[in-house]
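Novice: Heads up: the sequence shown begins at 2 in this note's numbering, then just goes up one per residue.
From the three backbone atoms N, C-alpha and C, an ideal C-beta is built for every residue, glycine too.
This one's a predicted model, so the numbers in the text were calculated from it and none came from an experiment.
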Amino acid sequence: KKDYTIIIVTHNMQQAARLSDYTVFFNMGEAIEYNKTRKVFTRPKVQMTDDYVSGNFG
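(1) Does DSSP put Val47 in a helix, a strand or coil?
(2) Is the beta carbon of Tyr53 less than 8 angstroms from the beta carbon of Phe27?
(3) Determine the direct distance from the alpha carbon of Tyr23 to that of Asn57, and round the result to whole angstroms.
(4) Quick one, are the C-beta atoms of Ile33 and Thr50 less than 8 angstroms apart?
(5) Using DSSP with H/G/I as helix, E/B as strand and the rest coil, what is Lys40?
What follows is the structure, encoded as C-alpha cells:
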C-alpha cells in the first residue's frame, strides 16, 4: 500500500467493509463512530452504529 487517503461515501456496507481500512459512520452529517473497519462492523462502540450495521436502524 501507498500513503494515500481516499474518501469513499457509500451506503453499501459490503463495499465499505471490502475497500476500507478505517470507517466513519455518519448520521445526519454528524460523525457517530470512527475506528478500524473490522471493529466498526464486528464490535461497534456506539449503539446507533451497531443498529445500522445489523439492519435494525431506520
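Specialist: So, from the data block:
(1) Your numbering for residue 47 matches position 46 in the sequence shown. Here Val47 sits in coil by DSSP.
(2) Reading the sequence shown from its first residue, position 52 is the one you call residue 53. Reading the sequence shown from its first residue, position 26 is the one you call residue 27. No, the pair does not count as a contact, with Cβ atoms beyond the cut-off.
(3) For the purposes of this step, residue 57 is taken as residue 56 along the sequence shown, with counting starting at 1. For the purposes of this step, residue 23 is taken as residue 22 along the sequence shown, with counting starting at 1. Their Cα atoms are separated by approximately 22 angstroms.
(4) As a position in the sequence shown, residue 33 is number 32, starting the count at 1. As a position in the sequence shown, residue 50 is number 49, starting the count at 1. In contact: Ile33 and Thr50 (Cβ atoms closer than 8 angstroms).
(5) Residue mapping note: residue 40 aligns to position 39 of the sequence shown, counting from 1. Helix, per DSSP.
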